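Asks: Note that my numbering has the sequence shown beginning at 688, numbered continuously upward.
Structure incoming, see below.
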Amino acid sequence: MIRRLAAASAGLAWLLVAGSPAHGAPRVALELVADGLVSPVAVAPLPDGRKLLADQTGFVRLLGRDGRLADGGVPVLDFAGRLAALNHGAFDERGLLCVATHPGVARNHRVFVAYNAPRRATAPADYDCTLRLSEFALEVGDTVRMDPSGERVLLEIDKPYRNHNGARLAFGPDGYLYMSVGDGGNANDQGRRPATGNAQDTFNLLGKILRLDVDGAKPFDIPKDNPFADGKGGRQEIFAYGLRNAWGLAFDRGGSHELFAVDVGQNLFEEIDIVRKGGNYGWALREGFHGFDPRSPNNPPEPGARSGVRGEPLVDPIAEYRHPGPRKDPGAVGVSIIGGHVYRGKALPALVGHYVCADWSRGWAMPQGRLLVARRPVDGTARWTIEPIEVSKPEKWPVYVTALGEDADGELFVMTNGSNGLTPGKGRVWKMRAPE
């Protein structure tokens, strides 16, 4: 979900995008609802108000109707033994990466997870692992359980490196399952891939957003209007491409139900995208709004490429911000954008209709995670403005922010890790509330 960097300088400037924000920084309070975890990465609501909580080390637990850890923290699903061998106690991007419930979960009890499994037998011998999309059946009663022996594997994608997984899941208003997939890892979309890089190659699934019909044939059907549904111009599963590591994927439950993604940048820029069918989002020809040269990633060519390898126009992000990179930019925000949601809850009126996201940390060595809000432009410009969200600091803060989640009422949860590795007891979940 992030890239490893040296510790950043301590500047606190908040110049995020072109233009000055028209609003003061909103304030929120954070209520601790779950503690003693490792690295929580996703929340998935259930119809009765409870929620599934995924921890990167391979456990799915239950949050009660009050949002707090239920059943004494006993896992609903434990498949830690099916994960690729993780670097416990150290930094690792692999593991259980997302959990999502089917829109009809109340009647069909279907739950989907994405995780890194050991390299399958058919993968190249020098690859690191296999990214897996699987389905489990939910057993609901006074307790909630999923039987790991009932796993149904829908899709496997071999990965040359351990980083840049993506693997965020979201069901759309069309009923289809969307999944982000990272570019395969390493840096600059180079190494163990075609000359174009994986993200620009429409004949592999790395560096993409996929769209699957999980209600049809097994393991899934291809929606008839997918960009390459006929298989002639690329893989049938692809919905959009040209992404580096989309660690955030969520539909706006209001408005026009746009699909929002964030893309973790290389060295200089983090970006927010509204994803359109067939869109090429530019990686590794562009980083944010800027040109990108993998041979010189710290010196963006300007104006840079405006079309993809097949001549198709590239889609700009809606917003970007700088991160420290090798220049240790004092105006930078953080090193790795964390995807969120367009806020549609009631507790925080100042955020309604705006995209709430986060950054993992301002630097690698010290936890300096922060919450952000991107506001839609009111003057007809294409770029959104990004502002900090002021947090009424609770105990056990600052932290590394690992993910944001949403409940059935549109209220938001913040998932954090007190360390930059997979350290037991450092993971926590907070609910965003109005400050007193």
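Heads up, the beta-carbon is just placed ideally off N, CA and C, and yes, glycines get one too.
These numbers come from a predicted model, not from an experiment.
Return the CA-CA distance between Tyr1087 and Asp1046, expressed in angstroms with no decimal places.
Replies: Looking at the two C-alpha atoms, the distance is approximately 8 Å.
Asks: Can you tell me whether Arg963 is buried or exposed, with buried defined as 16 or more other CB within 10 angstroms of its CB?
Replies: By the neighbour-count rule (16 or more Cβ atoms within 10 Å), Arg963 is not buried but exposed.
Asks: Taking the alpha helix (DSSP H) that Val792 belongs to, which residues open and close that run?
Replies: Note, Val792: alpha helix (DSSP H), 792-795.
Asks: State the Cα-Cα distance for the pair Val725 and Phe778, rounded to the nearest angstrom.
Replies: Computed Cα separation, rounded: 12 Å.
Asks: By Cβ distance below 6 Å, which residues in the same chain neighbour Glu945 in space, the five residues on each side in sequence not counted?
Replies: Contacts found: Asp939, Ile961.
Asks: Among the residues of its own chain, which have a CB less than 7 Å from the CB of Asp1016, if the five just before and after it don't count?
Replies: Counting only Cβ-Cβ distances below 7 Å, and skipping sequence neighbours, we find Arg1009.
Asks: How many Å lie between Ala709 and Gln877 at the Cα?
Replies: At Ala709, the pLDDT of 44 sits below 50, so the modelled position is not reliable; the number obtained from the coordinates is stated separately. If you take the alpha carbons of Ala709 and Gln877, they lie about 40 Å apart.
Asks: Taking all protein chains shown into account, do 16 or more other C-beta atoms lie within 10 angstroms of the C-beta of Glu826, making it buried, or fewer, making it exposed?
Replies: The residue in question, Glu826, is exposed, as its Cβ has fewer than 16 Cβ neighbours within 10 Å.
Asks: Between the Cα of Gly942 and those of Cys1044, Ser836, His1028, Glu1074, spot the shortest distance and give me the residue it belongs to.
Replies: The option with the nearest alpha carbon to Gly942 is His1028.
Asks: Starting from Tyr1042 and walking both ways along the beta strand (DSSP E), at which residues does that stretch end?
Replies: That run of the beta strand (DSSP E) goes 1042-1046.
Asks: DSSP puts Met1119 in a beta bridge; with which residues?
Replies: Paired residue(s): Leu717.
Asks: What residue range is occupied by the uninterrupted beta strand (DSSP E) comprising Met1053?
Replies: First-last for Met1053: undefined, no H or E at that position.
Asks: Would DSSP call Arg963 helix, strand or coil?
Replies: Coil.
Asks: Please decide whether Gly751 counts as near chain C, where near means a Cβ-Cβ distance under 8 Å.
Replies: In the displayed structure, chain C is absent; only one protein chain is listed.
Asks: How far does the beta strand (DSSP E) with Glu1074 in it reach, from first residue to last?
Replies: Residues 1072-1079.
Asks: Rounded to the nearest angstrom, how far is the Cβ of Ala787 from that of Ala731, given a contact under 8 Å?
Replies: Yes, they are in contact, since the Cβ atoms of Ala787 and Ala731 sit about 5 Å apart, within 8 Å.
Asks: Are the beta-carbon atoms belonging to Leu749 and Ala741 less than 8 Å from one another?
Replies: No, the Cβ-Cβ distance between Leu749 and Ala741 is not below 8 Å.
Asks: Compare the Cα-Cα distances from Thr1110 to each of Val720, Asp753, Asn774 and report the closest residue.
Replies: When only C-alpha atoms are compared, the closest one is Asn774.
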